[in-house]
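Q: Right, I'll just put the structure down here and ask away after.
Protein chains: 2
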Amino acid sequence: MVTLAEVARHAGVSASTVSYVLSGKRTISAPTRERVERSIRELGYHPNAGARALASSRSDIIALMMPLRTDMYVPVMMEIAMAVATTARAHGRDVLLLTDQEGPEAVRRVIGSGLADAMILMDVELEDERLPLVHEAPRPAVLIGLPADTEGLTCVDLDFAATGRLCVDHLAALGHRELAVIGEAPAVYERHTGFAERTITGVRERAAELGLRVLHRPCEGSFESVAGALARIFDERPATTGIVVQNESAVGPLLSLLRQQGKAVPEDISVVAICPDQVATQTSVALTSVAIPAHEMGRRAVELVMAKLGASAGTGTGAGTGTGAGTGTGAGGRVAAPPRETVVRLLAPRLTTRASTGQAPRLVP
Amino acid sequence: MVTLAEVARHAGVSASTVSYVLSGKRTISAPTRERVERSIRELGYHPNAGARALASSRSDIIALMMPLRTDMYVPVMMEIAMAVATTARAHGRDVLLLTDQEGPEAVRRVIGSGLADAMILMDVELEDERLPLVHEAPRPAVLIGLPADTEGLTCVDLDFAATGRLCVDHLAALGHRELAVIGEAPAVYERHTGFAERTITGVRERAAELGLRVLHRPCEGSFESVAGALARIFDERPATTGIVVQNESAVGPLLSLLRQQGKAVPEDISVVAICPDQVATQTSVALTSVAIPAHEMGRRAVELVMAKLGASAGTGTGAGTGTGAGTGTGAGGRVAAPPRETVVRLLAPRLTTRASTGQAPRLVP
DNA sequence: TAGATGTATCGAAGCGCTTCGATGGAGCTT
DNA sequence: AAGCTCCATCGAAGCGCTTCGATACATCTA
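Which chain is which? The protein sequence lines are A and B, in order.
Position 250 (the first sequence) corresponds to 250 in the UniProt record's numbering; numbering is contiguous.
Position 50 (the second sequence) corresponds to 50 in the UniProt record's numbering; numbering is contiguous.
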């Protein structure tokens with residue numbers, strides 16, 4: 001392996017000069033810089049990551065902690081991860097993939113060892129057990145999802161309450177008065193992930209404002225489960241004409257079942273789904289939907305991390321250090337952790353109208 | 001941050017002693033070890049990753065290069081990634097997440113900088129452009145998927161040819177004589193990912209042996225696309241009674257369409273899918289299927305990496321390295337890059353019989 | 001008992017990089 | 001011409017760890 005010293009010798013300069021060419025932290029004359037750059041190229045030099053990390057106490061690595069579970073929103077998780085990875089690279093950072101399998105301790109291990117400079121936590125629960133560690137960690141963290149108490153935290157998420165309201169608005173505008181929500185699997189509610197509740201809250205809230213009725217039924221993704229939920233809905237509220245589907249794996253079965261039961265979409269029943277566009281467009285009737293902006297969530301998370309690191313990127317965009325809340329190294333002993341800024345970035349939902357929603361039918365009650 | 005030196009002082013021993021306690025590379029007397037371990041715990045010490053990497057020239061990181069594309073097998077990719085992450089941790093390693101966005105250069109960067117000790121490449125194409133770099137890299141790599149030329153490489157994959165044969169065997173045993181394959185999207189074939197072709201080859205091969213007829217139609221995952229493929233199939237071969245679906249996102253539409261067309265599954269048409277069990281069991285008719293053993297692929301990949309690193313694991317299970325279809329190590333001179341062993345580990349497919357396949361109907365031709 | 005053998009620990013030399021404070025000229029000013 | 005200020009570069013001191021000989025002592029052997 002080629003070392004910096006060898007590059008220096010080859011270029012006829014000192015090691016520190018090569019280092020400064022690499023980092024740009026001091027001005028180097030054009031001729032010297034070019035000579036060094038040529039040597040780097042000719043020798044095929046790659047700075048040693050460990051040495052760099054040791055000397056600078058920065059690893060240029062961002063840890064991403066993903067849920068191990070794959071019962072929900074797999075494509076969304078995947079897209080977030082990919083967005084994080086590519087955005088991080090655009091800022092000259094790499095991504096370390098962690099799972100929650102290891103438990104909250106992983107946070108301490110990765111930050112404590114200096115393996116990563118910052119963390120991004122996915123699938124945050126209302127009372128997430130990683131939060132205490134995030135609070136005490138000497139490195140920045142960004143959450144994807146909202147915990148119950150966001151004080152001192154930085155979070156990104158889709159505004160699920162607004163999403164719920166948006167779905168209701170859309171159906172209400174089309175004249176629907178009786179709505180049903182096919183929700184997530186009961187397990188999701190039990191886990192207190194928050195987003196499912198927030199969606200329902202948004203739906204109920206707006207429905208109440210507009211004087212609509214709403215029936216909410218949790219539902220697994222399986223065909224039988226959707227069949228059951230649907231049966232219960234029409235049993236209890238035969239006049240239902242608008243359905244909001246939150247569980248993306250329920251959309252396929254739902255459409256099949258409606259067709260089976262002789263209910264036309266959108267003529268008899270309108271359907272709005274909360275799901276990736278890919279799912280919405282691949283069904284027999286293209287679905288009016290609100291997409292979860294997975295890519296943007298991942299990208300934003302990284303950008304918030306970069307801002308907190310006060311960094312300026314490698315190949316990335318220049319500039320832009322959003323100031324965080326104070327530094328403050330105390331004099332003598334252990335100083336209390338400096339109070340941190342609270343940042344909650346909720347992304348506005350966008351509804352795309354497709355074939356599955358239309359005017360509410362005249363009902364003959 | 002607590003350093004090794006502080007731990008040493010706290011425990012009243014030298015730094016090297018602490019290091020040996022940590023690594024176990026030299027015997028340390030029980031009392032000393034316990035004292036050191038207590039100090040480590042009390043001080044909350046975490047070895048600095050950078051320093052460790054620099055001194056030992058091992059980062060204990062495995063790089064995983066994933067496809068950025070999300071048009072195919074997303075759940076499978078995700079499951080592989082998760083299996084890699086958890087298995088790696090069980091061996092005391094972390095995982096660096098790379099995408100192919102950065103191009104083949106990423107291999108050189110990550111290996112050249114010593115950021116990772118080894119690589120796992122997913123979604124390997126027949127003539128993958130990363131292969132030259134893998135060959136010249138001074139660190140081990142494991143491929144998930146088979147390139148055209150596996151000489152000197154280590155690969156893991158599902159035996160797709162056997163998968164194709166297995167599907168045919170199953171349908172043939174039930175008396176079906178005319179089969180159709182709903183394949184992957186044309187783009188997948190154009191990309192030369194290999195597995196799709198290998199499946200078809202297996203299907204054709206066994207069909208020929210058993211005297212069955214097979215029609216293969218590539219197909220996107222959308223409803224229209226499946227409808228088109230299906231129409232062309234029944235148009236050309238009205239006597240088709242057995243369908244093999246390789247494109248997992250086609251299964252939902254396929255079942256809807258068949259029902260719509262008054263063809264009962266399995267009474268009129270038997271369907272075998274190549275898809276995750278989760279997909280197979282969530283459909284209206286539970287599907288007989290061959291699952292892609294994503295978890296095992298990820299696990300195996302890591303185990304092969306560990307074997308190549310000549311390591312012995314951290315918290316991991318012991319477990320054996322089954323013998324591969326290895327070819328020999330050449331006995332050449334030590335001058336050029338030492339010839340590497342070829343290991344191709346093909347996992348045997350397993351077919352699970354569910355509701356979607358049954359006796360071939362008597363046809364009235 | 002001198003020597004050989006083994007065990008538990010220590011000391012010191014790096015690993016390859018960053019970074020801070022020189023250093024030596026060139027170009028100004030007065 | 002002496003004194004300044006800049007600019008470009010160099011030297012050296014670590015960063016926190018691993019690892020390779022010592023070293024010191026205890027135990028065994030002949």
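In this text, a Cβ means the ideal position worked out from N, Cα and C, and glycines have one as well.
What is the C-beta distance between LEU215 of chain A and THR240 of chain A, in whole angstroms, given that I count them as a contact (C-beta under 8 Å)?
A: Here residue 215 of chain A corresponds to residue number 215 of the first sequence, with the count starting at 1. Here residue 240 of chain A corresponds to residue number 240 of the first sequence, with the count starting at 1. The pair is a contact, with the Cβ atoms about 7 Å apart (cut-off 8 Å).
Q: Counting only C-beta atoms, is LEU4 of chain A closer than 8 Å to chain B at any point?
A: Locating residue 4 of chain A in the first sequence gives position 4, where the first residue counts as 1. No, because no Cβ of chain B sits closer than 8 Å to the Cβ of LEU4 of chain A.
Q: Taking beta-carbon pairs under 7 Å, can you tell me which members of the UniProt domain "HTH lacI-type" (2 to 56) of chain B lie near chain A?
A: HIS46, PRO47, ASN48, ALA49, GLY50, ALA51, ALA53, LEU54
Q: Count the C-beta pairs between the region 132 to 139 of chain A and the region 108 to 122 of chain A that are closer than 8 Å, then say yes if the count reaches three, no if not.
A: yes
Q: Excluding five sequence neighbours on each side, which residues of the same chain lie with their C-beta closer than 8 Å to the C-beta of ARG213 of chain A?
A: Locating residue 213 of chain A in the first sequence gives position 213, counting from the first residue. ARG177, GLU178, LEU179, ALA207, ARG237, listed in sequence order.
Q: Can you tell me which of B:ARG69, B:GLY221, B:THR288, B:GLU197 puts its alpha carbon nearest to the alpha carbon of ALA185 of chain B?
A: Walking along the second sequence from the start, residue 185 of chain B turns up at place 185. Per the Cα distances, B:GLY221.
Q: So, ARG130 of chain B versus LEU121 of chain B, is the Cβ gap smaller than 8 Å?
A: One-based indexing of the second sequence puts residue 130 of chain B at position 130. One-based indexing of the second sequence puts residue 121 of chain B at position 121. Contact flag set, yes.
Q: By DSSP, does ASP157 of chain A sit in helix, in strand, or in coil?
A: The residue you call residue 157 of chain A lines up with position 157 of the first sequence. Strand, per DSSP.
Q: Just to confirm my understanding: we take ALA313 of chain A, look at its own chain, exclude 5 residues before and 5 after, and list those with CB closer than 8 Å. What are they?
A: Start at 1 with the first residue of the first sequence, and residue 313 of chain A comes out as number 313. Legend: pLDDT at ALA313 of chain A = 37, less than 50; position of this residue unreliable, no value from coordinates given.
Q: Who are the neighbours of GLU79 of chain B on chain A, taking C-beta pairs under 7 Å?
A: Within the second sequence, residue 79 of chain B is the residue found at index 79, counting from 1. Result: THR70.
Q: Does SER289 of chain A pass the burial test, meaning 16 or more other C-beta atoms within 10 Å, or should it be called exposed?
A: To locate residue 289 of chain A, count along the first sequence from 1; it is residue 289. Buried, because 16 or more other Cβ atoms sit within 10 Å of the Cβ of SER289 of chain A.
Q: Could you tell me whether any Cβ in chain A is nearer than 8 Å to the Cβ of GLY316 of chain B?
A: Counted from its first residue, the second sequence places residue 316 of chain B at position 316. Below a pLDDT of 50, predicted positions are generally treated as unreliable, and GLY316 of chain B, at 35, falls in that range; the measurement from the model is reported next regardless. No, GLY316 of chain B does not count as interfacial toward chain A.
Q: Quick one: complete alpha helix (DSSP H) runs, 4+ long, within the region 271 to 316 of chain A?
A: 277 to 282, 294 to 309
Q: Would you call the CB atoms of GLU6 of chain B and VAL21 of chain B closer than 8 Å?
A: Counting from 1 along the second sequence, the entry for residue 6 of chain B is found at position 6. Counting from 1 along the second sequence, the entry for residue 21 of chain B is found at position 21. With respect to the 8 Å criterion, GLU6 of chain B and VAL21 of chain B are not classified as neighbours on the basis of their beta carbons.
Q: Specify whether the region 298 to 305 of chain B and the region 350 to 360 of chain B touch according to this definition: at least 3 beta carbon pairs, one from each stretch, less than 8 Å apart.
A: Touching, no, given that fewer than three Cβ pairs across the two stretches are closer than 8 Å.
Q: Taking only the alpha-carbon atoms, compute the straight-line gap between GLU341 of chain B and ALA118 of chain B and give it to the nearest angstrom.
A: Position 341 of the second sequence, counted from the start, is the residue given in the question as residue 341 of chain B. Position 118 of the second sequence, counted from the start, is the residue given in the question as residue 118 of chain B. Taking the straight line joining both Cα atoms gives about 16 Å.
Q: Step through the CB atoms of chain A and report whether any lies within less than 8 Å of the CB of GLU105 of chain B.
A: The sequence position of residue 105 of chain B within the second sequence is 105, counting from 1. Chain A, which has no Cβ nearer than 8 Å to the Cβ of GLU105 of chain B, makes this no.
Q: Starting from the C-beta of ALA227 of chain A, find all residues in its chain whose C-beta is less than 8 Å away, skip the five residues before and the five after it, and write them out in chain order.
A: Counted from its first residue, the first sequence places residue 227 of chain A at position 227. If we look at ALA227 of chain A and ignore the five residues flanking it on each side, its Cβ neighbours are PRO253, LEU257.
Q: Tell me which residues share the same chain as ARG204 of chain B and place their Cβ nearer than 7 Å to its Cβ, disregarding the 5 neighbours each side in the sequence.
A: Here residue 204 of chain B corresponds to residue number 204 of the second sequence, with the count starting at 1. Cβ neighbours of ARG204 of chain B beyond the five flanking positions: VAL214.
Q: Is ALA11 of chain A closer than 8 Å to LEU4 of chain A when the C-beta atoms are compared?
A: Counted from its first residue, the first sequence places residue 4 of chain A at position 4. Counted from its first residue, the first sequence places residue 11 of chain A at position 11. Against a cut-off of 8 Å, the Cβ pair of ALA11 of chain A and LEU4 of chain A comes out as no contact.
Q: Thinking just about the alpha-carbon of each residue, which of B:VAL344, B:HIS170, B:ARG191 is nearest to the one in VAL272 of chain B?
A: Numbered from its first residue, the second sequence carries residue 272 of chain B at position 272. Checked all of B:VAL344, B:HIS170, B:ARG191; the closest Cα to VAL272 of chain B is B:HIS170.
Q: How long is the line joining the alpha carbons of ILE80 of chain B and LEU43 of chain A, rounded to whole angstroms?
A: As a working note, residue 80 of chain B is residue 80 in the second sequence. As a working note, residue 43 of chain A is residue 43 in the first sequence. Their backbone Cα atoms lie some 36 Å apart in a straight line.
Q: Taking buried to mean at least 16 other C-beta atoms within 10 Å of its own C-beta, is THR27 of chain B buried or exposed?
A: What you label residue 27 of chain B is simply residue 27 of the second sequence in a count that begins at 1. In this structure THR27 of chain B is exposed. Its beta-carbon is surrounded by fewer than 16 other beta-carbon atoms within 10 angstroms.
Q: 8 Å is my cut-off, CB to CB: does residue 374 of chain A come that close to chain B?
A: Nothing in the structure corresponds to residue 374 of chain A, since chain A is present only between 1 and 365.
Q: Check the Cβ-Cβ distances between SER113 of chain A and every residue of chain B, and say whether any is below 8 Å.
A: Position 113 of the first sequence, counting from 1, holds the residue named residue 113 of chain A. At a cut-off of 8 Å between C-beta atoms, SER113 of chain A counts as an interface residue with respect to chain B.
Q: Return the chain-ordered list of same chain residues with a C-beta closer than 7 Å to the C-beta of VAL265 of chain B, the five sequence neighbours on each side being excluded.
A: Taking the first residue of the second sequence as position 1, residue 265 of chain B is located at position 265. Result list for VAL265 of chain B: LEU255, LEU258, VAL271, VAL285, SER356, in chain order.
Q: DSSP on GLY242 of chain B, reduced to helix/strand/coil?
A: To locate residue 242 of chain B, count along the second sequence from 1; it is residue 242. If DSSP states are grouped into helix, strand and coil, GLY242 of chain B belongs with the strands.
Q: Specify the secondary structure class of THR357 of chain A as computed by DSSP and reduced to three states.
A: Position 357 of the first sequence holds residue 357 of chain A. Reduced to three states, the DSSP call for THR357 of chain A is coil.
Q: Can you find the residues in the same chain that come closer than 7 Å, C-beta to C-beta, to ARG9 of chain B, ignoring five residues on each side of it along the sequence?
A: In the second sequence, residue 9 of chain B corresponds to position 9, counting from 1. Nothing listed; no residue qualifies.
Q: How would you call PRO132 of chain A, buried or exposed, if buried means at least 16 neighbouring beta carbons within 10 angstroms?
A: In the first sequence, the residue the question calls residue 132 of chain A occupies position 132. With fewer than 16 other Cβ atoms within 10 Å, it is exposed.
Q: Between PRO186 of chain B and chain A, is the shortest Cβ-Cβ distance under 8 Å, so that the two count as touching?
A: As a position in the second sequence, residue 186 of chain B is number 186, starting the count at 1. No, PRO186 of chain B lies away from the interface with chain A (no Cβ there is under 8 Å from its Cβ).
Q: Name the chain B residues that come within less than 8 Å of ASP123 of chain A, Cβ to Cβ?
A: Here the question's residue 123 of chain A lines up with position 123 in the first sequence. Under the 8 Å cutoff, chain B gives no residues; its nearest Cβ is about 13 Å from ASP123 of chain A.
Q: Please list the terminal residues of the continuous beta strand (DSSP E) segment that includes THR99 of chain B.
A: Here residue 99 of chain B is taken as the residue at index 99 of the second sequence, counted from 1. Taken as a continuous stretch (DSSP letters only), the beta strand (DSSP E) holding THR99 of chain B covers 94 to 99.
Q: What do you get for ASP94 of chain A, buried or exposed, if any count of 16 or more other CB atoms within 10 angstroms of its CB means buried?
A: Here residue 94 of chain A refers to the residue found at position 94 of the first sequence. ASP94 of chain A should be labelled buried.
Q: Name, going along the chain, the residues of the region 196 to 227 of chain A whose beta-carbon falls closer than 7 Å to a beta-carbon of chain B.
A: Within the region 196 to 227 of chain A, GLY221, SER222, PHE223 place their CB atoms closer than 7 Å to a CB of chain B, listed in sequence order.
Q: Let me check one thing: in DSSP terms, what residues is LEU346 of chain A bridge-paired to?
A: Start at 1 with the first residue of the first sequence, and residue 346 of chain A comes out as number 346. Partner(s): A:ASP157.
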